[in-house]
Amino acid sequence: MPPRLVPHLALAAAVALSLAAGCDRARVAEGDATERCLRCHGGDGSAAPPRSARGATATTDRGVGAHRAHLAGGRIAGPVRCEACHVVPTDLAHVDGVAGVAFGEEARRGGAAPAWEPDAAGGPRCAGTYCHGATLAAGGAATAPVWTQVDGAQVGCDGCHGAPPGGAGHPQGELAGQCALCHPDTVLASGAIDVAGGHHLDGRVDVAGGACGGCHGAPPATGAHALHATVPAGASPTYGALTVLEDLSPAGGPAHAFGCGQCHPLDAARHMDGRVDVVLAPDGAPAGTLKARNAAGAGYDAASGSCAGVYCHSSGQEAPAYADAPAWTAAPGALGCAGCHGNPPAYATGGPAAADANGHLGLSTDGYEWGHFGGLPGPWHTSKHGGGWSPEEDAAPITCQSCHAETTAGAGPSGFYWLDTTGTYALPGGLLGYGCSSAACHGGAAPSGRGAVAPLRHVNGRRDVAFDARAALPELPWLPAAPDRPTRPYWVTHASPGSIVFPDPAIPDAVMEGTTLSLHLGSARYDPATKTCSSVACHLQQAQVTWGAPHTGWGTCGTCHGF
29 MPPRLVPHLA
39 LAAAVALSLA
49 AGCDRARVAE
59 GDATERCLRC
69 HGGDGSAAPP
79 RSARGATATT
89 DRGVGAHRAH
99 LAGGRIAGPV
109 RCEACHVVPT
119 DLAHVDGVAG
129 VAFGEEARRG
139 GAAPAWEPDA
149 AGGPRCAGTY
159 CHGATLAAGG
169 AATAPVWTQV
179 DGAQVGCDGC
189 HGAPPGGAGH
199 PQGELAGQCA
209 LCHPDTVLAS
219 GAIDVAGGHH
229 LDGRVDVAGG
239 ACGGCHGAPP
249 ATGAHALHAT
259 VPAGASPTYG
269 ALTVLEDLSP
279 AGGPAHAFGC
289 GQCHPLDAAR
299 HMDGRVDVVL
309 APDGAPAGTL
319 KARNAAGAGY
329 DAASGSCAGV
339 YCHSSGQEAP
349 AYADAPAWTA
359 APGALGCAGC
369 HGNPPAYATG
379 GPAAADANGH
389 LGLSTDGYEW
399 GHFGGLPGPW
409 HTSKHGGGWS
419 PEEDAAPITC
429 QSCHAETTAG
439 AGPSGFYWLD
449 TTGTYALPGG
459 LLGYGCSSAA
469 CHGGAAPSGR
479 GAVAPLRHVN
489 GRRDVAFDAR
499 AALPELPWLP
509 AAPDRPTRPY
519 WVTHASPGSI
529 VFPDPAIPDA
539 VMEGTTLSLH
549 LGSARYDPAT
559 KTCSSVACHL
569 QQAQVTWGAP
579 HTGWGTCGTC
589 HGF
């Protein structure tokens, strides 16, 4: 129950007489209200004790306690009104020997149910008040402060909530004290409460700012974050984003920049909730985004540290075949081209222009592999690249760079041709058995230089075709000698173009240089709607080629050679 003052008739009579001129009417009506209050309690111009109505001056006395600390304000809040804890009297009716405590709006914010506990074991205390963190449930050490303890120990940052609060998404460790990163309206950069700003203890948890790099790295330095989410200069990541690199930087960047939402929840309410959630299922992801292409059961296995069922580790087809991703903590370089799709992709074609059409590699009707691989002379033939026919024969390599120039980056030792010697062009049941690692020039040894993917167009939900636009070939020591020396990037020695006579206005990108067919892809175009290539010099007289059309033997040969 509220503390009671010891009644004393003489004192009461004296008080009544002394206040008769001022306290018999509303304090705000006229005169100096503080002066009238000071006749019974307070001092030094403040109506708040000390002194108490019984004359006590020590803060250890319940009638004094922390009155002055509240009305003066301090390092966590400005002055607290008398009305926060009392009904401020307007007449003599309050002179009844009882110092009543009736909590006001400040103490009841956020649904708080404050209570005055004068007989608590540790001393009289306020419990359940908003202003001492009762509604936060965030680990405060003094959420029911002792009224008569005024040494400052109960008003540190850890008094009302943990410093920082635990289990509420607050950063721990070296960032723990940098509250201003997410609460700039409440906390100064020095770490002190911005009392003058008035946002501390205002009934709200004021959150602003909170850039991703404030609480954790952007991206974090752990695992494969840098390989997946390196944000280009000038761009800012946002929680739940389903972006890819080209959305943030049309000019590209040094690494992939998948939005946080590709691997984490899309719901902002699950951010800063004390957990690190990996959510790969496509539920709620807009159509066309990478996440929407994930398998319904896509997920992350914490035991193995690997993802499964995700589009970004798949064949990349419209109906993708999902691959097993390497462990999140695997060393960079653990994933090669064959880790997601074949190198080159070797799935069976669904037919010309079909959703699952494939012309990278296939089996012809006679059992030989054919497709875009190794080097000219082209489909069905074995490649002349690397001297596979004889020491006098050679050809430029046909690599991913030829048709996916915007998806590849770098080059091999030549400094001109993209190189990846891990490719294999042997199919089950095929008769060719050809592969870069088995070729004499590479012999399975690691090359001194190699190409890589260019993140801008890689894993963006499309199968981008961008032909190599380079028209000139630099001097390379292993090129054929004059007069058969080629000057264009793609070439084959001792060419047999059939009935074609060069220069041919229908094939402007191809010329004969001695006995070498030399060409570039400057006029080549691809229509993704019809999956059709046109004006590709490698195909000579075949003005249009539909992706996924099978090799049918002599008839297919004639479309290029004009037999």
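Just so we're aligned: the sequence shown equals residues 29 to 591 in our numbering.
The beta carbon of each residue, even a glycine, is placed where N, CA and C say it ideally should be.
*Quick one: give me the first and last residue of the beta strand (DSSP E) that L545 is part of.*
For L545, the uninterrupted beta strand (DSSP E) segment begins and ends at T544 to L547.
_First and last residue of the uninterrupted alpha helix (DSSP H) at D234_ = Segment: none, D234 is in no alpha helix (DSSP H) and carries neither H nor E.
*Tell me, which residues are paired with I221 by DSSP?*
As computed with DSSP, I221 is found in a beta bridge with V215.
_Sequence-distant residues of the same chain with beta carbon closer than 8 Å to D213, five excluded per side_ = D222, G225, H227, D234 and A236
_So for D555, helix, strand or coil by DSSP?_
strand
*Check each candidate in C188, L294, D448 and P380 and name the one with the smallest Cα separation from V573.*
Out of C188, L294, D448 and P380, P380 has the C-alpha closest to the C-alpha of V573.
*Express the C-alpha separation of G387 and T515 in angstroms, rounding to a whole number.*
28 Å
*Under the three-state reduction of DSSP, which class applies to Y396: helix, strand or coil?*
coil
*Report the three-state DSSP secondary structure of A336 (helix, strand or coil).*
strand
*What distance in whole Å lies between the Cβ atoms of D512 and T560, which are believed to be in contact at a cut-off of 8 Å?*
33 Å between Cβ atoms; not a contact.
_Using only the alpha-carbon positions, how far apart do G337 and C240 sit?_
27 Å
*T85 by DSSP, collapsed to three states: which one?*
Here T85 sits in coil by DSSP.
*Return helix, strand or coil for G201, following the three-state DSSP convention.*
helix
*Taking contact to mean at least 3 C-beta pairs separated by less than 8 Å, is the stretch 551-559 in contact with the stretch 362-375?*
No: fewer than three Cβ pairs fall under 8 Å.
_Beta-carbon proximity check, D352 vs S334, cutoff 8 Å_ = yes
*Using DSSP with H/G/I as helix, E/B as strand and the rest coil, what is S80?*
In the structure shown, the three-state DSSP call for S80 is coil.
*Name the DSSP beta bridge partners of W144, please?*
C154
*Among G73, A94, C68 and A323, nearest to R82 - alpha-carbon criterion*: C68
_Selection from W575, L389, L568 and Y267 that minimises the alpha carbon distance to A297_ = Y267
_If you measure between the beta carbons of C288 and A269, is that distance less than 8 Å?_
yes
*Under 8 Å between the Cβ atoms of G390 and P578?*
yes
*Alpha-carbon to alpha-carbon, G125 and A86*: If you take the alpha carbons of A86 and G125, they lie about 20 Å apart.
_Close beta carbons around H284, own chain, < 8 Å, minus the five adjacent residues each side_ = Take H284, set aside five residues on each side of it, and the residues of its chain with a beta-carbon closer than 8 Å to its own are L255, H256, A257, T258, V272, L273, P483, H486 and V487, in chain order.
_Can you give me the C-alpha to C-alpha distance between H445 and S411, rounded to a whole angstrom?_
Reading the sequence as shown, one finds Tyr at residue 445 and not His. The alpha-carbon atoms of Y445 and S411 are separated by roughly 16 Å.
_Beta-ladder partner(s) of H189, from DSSP_ = DSSP output for H189 lists G167 as bridge partner(s).
*Should D119 be labelled buried (16 or more other beta-carbon atoms within 10 Å of its own) or exposed?*
By the 16-neighbour rule on beta-carbons within 10 angstroms, D119 is exposed.
*Below 8 Å CB to CB, which residues in the same chain sit around S563 once its five sequence neighbours on both sides are set aside?*
D537, S551, A552, R553 and A571
_Chain-order list of residues whose beta-carbon lies under 6 Å from that of T587 (same chain, five-residue window excluded)_ = Q570
*Can you give me the Cβ contacts of V183 inside the same chain, cut-off strictly under 6 Å, excluding the 5 residues immediately before and after it?*
I104
*Express the C-alpha separation of H244 and G344 in angstroms, rounding to a whole number.*
Cα-Cα distance, rounded: 31 Å.
*Does V174 come within less than 8 Å of chain D when only Cβ atoms are used?*
In the structure shown, chain D does not exist; there is a single protein chain.
_Extent of the continuous alpha helix (DSSP H) to which A135 belongs_ = E133 to R136
*Do you know whose CA, among T452, G479 and P533, lies nearest A429's CA?*
The residue asked about is misnamed: residue 429 is Gln in this sequence, not Ala. Nearest of T452, G479 and P533 to Q429, Cα basis: G479.
*Can you tell me the Cα-Cα spacing of R491 and D384, whole angstroms?*
12 Å
*May I ask whether a heavy atom of the ligand MG can be found less than 7 Å away from the beta carbon of L255?*
With respect to small molecules bound, the structure shown includes none, and the ligand MG cannot be examined in it.
*asked:* Our contact map puts A96 next to S74 with C-beta atoms below 8 Å; I'd like the distance itself, whole angstroms only.
replied: Reading the sequence as shown, one finds Arg at residue 96 and not Ala. Contact flag correct, Cβ pair sits at about 7 Å.
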